[in-house]
Amino acid sequence: MADTWTAREALAAVVEGGSFAELSGPPGPERPRGRSGNADGPIGWPGYGQSLARAGERTGERESVVCGTGSIGGTEAVVVSFEFGFLGGSLGERTGDLLEAAYTVARERRLPLVSLIATGGSRMQEGMRALSQLQRVARQSALLRDSGVPQLAVLRDPTTGGGWATLGAGADVILALPGAQVGFAGSRVRPPGADPAAYTAEGQLASGQIDAVVRREDLRDALARWLRHLGAAPWEGPPEPPGPPTAYPSGGLPAPTGWEAVARARSPRRPRADAYLAAYFDGVQEISGDRCGGADPGMRCGFGLRRGRVVAYAAQCGTATLPAGFRTAARLVRLAGRLGVPVLTLVDTPGAANGAEAERAGAGAAIADLFGAMATARVPLTTLLIGEGGSGGALALAAPGNLWAAPDSYFSVIAPEAAAAILKRAPEQVPETADLLRLRPQDLVDLGIVRGVVG
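Per our numbering, numbering of the sequence shown is gapless, rising by one per residue and ending at 1478.
What follows is the structure in structure tokens.
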């Protein structure tokens, strides 16, 4: 369903009544007039001044965005709302002035910035002067990101062109209304025969470009939850490493042999990531997608509340991890670093996906990216090995120097079956090979790989 909200209606849908205080933006110098000396803008587009006047009369707005501060679920935020009825929500020079003012307030007051976007892109009647506003917005977004203040975007219908490529895709968390048109190319400039599903909120979710599709009636609550998880982390001073979750072993103490350890880690009765997350957190908000065209349902990433404090998490769910999963986890670690939130990771994978499709999707580069994010993390990391630790695909998600193991787990340089095949051992020698690899939790403690076995 098309988004018929005006800018003010979108604000009313998410901001608590009476709390919105509009920003007027900097007065600034008068914008250059056209070549004819009239008010037809910087490139003298015929009739542009009249178009601006009519847009103002029709919408009651002075520009295509309304900016201000307001409360969403008890959290004060800077809110930017687009008015699509004002020249298609297009970005011109005055739009850039208002957006820069909003970002500046968010940065100076350390308030999260929420953008309610509905735009067709840059304003053609102002030519390159309009397009250059994207650089202004990108710079302000980068400054806000560097200051550790979160940015959230809500994609209304449509969100295309430069608005999608800056405020939308540049946000830390991206939500969208059902059925919204989302894409860099607007409906009138797409290639003939292009798949229309690729330009929808649902299509962008499937390709890892946004985090969730949210119904109109649920939007205020969704934003309120996200703001609690991102904008209200009550860490005073440097964040502390999160404690490892309590393990829930299905068979008591760690297995006596390596092959038994492998069997227990592969058991369908063993607790998985969802059980650990549910027990560890009071509530979670999950991000989705790698922003590079993929999503991995076997990698859960997000932010959780534990005893009133925010902890980020990335958890493997027992499947072979896709390149998109590694990139999503790296995205989570870097976002947590910018926000000053510690990270908990749960390792449980037979290894990285190694099929032809995974190779084409850049498996090696994705694993290297996660290794780099973990090695250079700006916040404390804690990892619990809860099941299978299959080679580098598992190690990439492990906190250097702060790895713990559950009794139902193993960690190995390679799967015992693969090791036996490479060494040309007979199939019946696989259990013996598992013992030689010293992959049990207690072996990992003796080797100095893990700090201890939790129970």
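Virtual Cβ for every residue (Gly too), placed ideally from N, Cα, C.
None of these values were measured; they are calculated from a predicted model.
Residue nearest to residue i in terms of C-alpha spacing, selected from the options
i: Val-1366; options: Leu-1355, Ala-1376 and Gly-1374; result: Leu-1355
i: Arg-1162; options: Gly-1312, Thr-1142 and Leu-1190; result: Leu-1190
i: Asp-1241; options: Ala-1033, Arg-1474, Arg-1292 and Leu-1446; result: Ala-1033
i: Gly-1478; options: Ala-1438, Leu-1408 and Glu-1455; result: Leu-1408
i: Ser-1042; options: Ser-1094, Ala-1247 and Asp-1466; result: Ser-1094
i: Trp-1427; options: Arg-1295, Val-1237 and Val-1370; result: Val-1370
i: Arg-1117; options: Ser-1155, Ala-1441 and Val-1137; result: Ser-1155
i: Gly-1096; options: Ile-1445, Gly-1040 and Pro-1294; result: Gly-1040
i: Gly-1171; options: Ala-1335, Gly-1363 and Gly-1275; result: Gly-1363
i: Val-1088; options: Gly-1112, Glu-1080, Arg-1077 and Gln-1073; result: Gly-1112
i: Thr-1142; options: Leu-1114, Thr-1372, Tyr-1271 and Leu-1167; result: Leu-1114
Extent of the continuous alpha helix (DSSP H) to which residue i belongs
i: Thr-1118; result: 1116-1132
i: Val-1285; result: 1281-1288
i: Val-1037; result: 1030-1037
i: Arg-1383; result: 1379-1383
i: Gln-1339; result: It is not in any alpha helix (DSSP H) - Gln-1339 instead sits in the beta strand (DSSP E) that spans 1332-1339.
i: Phe-1043; result: Unbroken run through Phe-1043: none, as it is neither H nor E.
Neighbourhood of residue i by C-beta distance below 6 Å, restricted to the same chain and skipping five residues each side
i: Ala-1192; result: none
i: Leu-1122; result: Val-1160
i: Ala-1376; result: Ala-1343 and Leu-1345
i: Asp-1466; result: none
i: Val-1128; result: Val-1101
i: Ala-1353; result: Asp-1392, Leu-1393 and Ala-1396
i: Ser-1104; result: Ala-1030, Ala-1033, Leu-1034, Val-1089 and Leu-1139
i: Met-1024; result: With a pLDDT of 45 at Met-1024, under the threshold of 50, the modelled position of this residue cannot be trusted; read the value that follows with caution. The residues are Gly-1202.
i: Val-1137; result: Ala-1100, Val-1102 and Leu-1175
Collapsed DSSP secondary structure at residue i in the structure displayed
i: Gly-1471; result: coil
i: Asp-1241; result: helix
i: Gly-1209; result: coil
i: Tyr-1303; result: helix
i: Phe-1349; result: helix
i: Thr-1456; result: helix
i: Tyr-1271; result: coil
i: Gly-1410; result: strand
i: Ser-1138; result: strand
i: Asp-1319; result: coil
i: Asp-1180; result: strand
i: Gln-1158; result: helix
i: Val-1477; result: coil
i: Arg-1146; result: coil
i: Val-1366; result: strand
i: Ala-1062; result: coil
i: Ala-1421; result: coil
Span of the beta strand (DSSP E), counted from its first residue to its last, around residue i
i: Arg-1329; result: 1322-1329
i: Gly-1072; result: Careful: Gly-1072 lies outside any beta strand (DSSP E), inside the alpha helix (DSSP H) at 1071-1082.
i: Gly-1093; result: 1088-1095
i: Glu-1106; result: Counting along the chain, Glu-1106 falls outside any beta strand (DSSP E), and DSSP gives it neither H nor E.
i: Leu-1426; result: 1426-1428
i: Ile-1197; result: 1196-1199
Cutoff 8 Å; reference residue i; Cβ partners in own chain excluding five residues on either side
i: Gly-1051; result: The pLDDT assigned to Gly-1051 is 46, lower than 50, so where the model puts this residue is not dependable, and the model offers no usable value.
i: Pro-1069; result: Asp-1063
i: Ala-1298; result: Tyr-1271
i: Ile-1445; result: Ile-1437
i: Gly-1275; result: Pro-1430
Buried versus exposed, by CB contacts within 10 Å (16 or more), residue i
i: Gln-1339; result: buried
i: Gly-1348; result: buried
i: Glu-1106; result: buried
i: Gln-1158; result: exposed
i: Arg-1179; result: buried
i: Leu-1075; result: buried
i: Glu-1086; result: buried
i: Gly-1204; result: Per the sequence shown, residue 1204 should be read as Gln rather than Gly. Buried, since its Cβ has 16 or more Cβ neighbours within 10 Å.
i: Met-1151; result: exposed
i: Asp-1169; result: exposed
i: Pro-1219; result: exposed
Proximal residues to residue i (C-beta, below 7 Å), its chain only, five neighbours per side dropped
i: Val-1236; result: Ala-1199, Pro-1201, Ala-1224, Glu-1225 and Leu-1228
i: Arg-1463; result: Pro-1277, Ala-1278, Gly-1281, Ala-1284 and Tyr-1433
i: Ala-1389; result: Pro-1346, Phe-1349 and Arg-1350
i: Val-1402; result: Pro-1262, Ala-1359, Gly-1360, Gly-1363, Val-1364, Pro-1365 and Val-1366
Contact with chain D by residue i, beta-carbon distance below 8 Å
i: Pro-1173; result: This model lacks chain D altogether, as it is built from one protein chain only.
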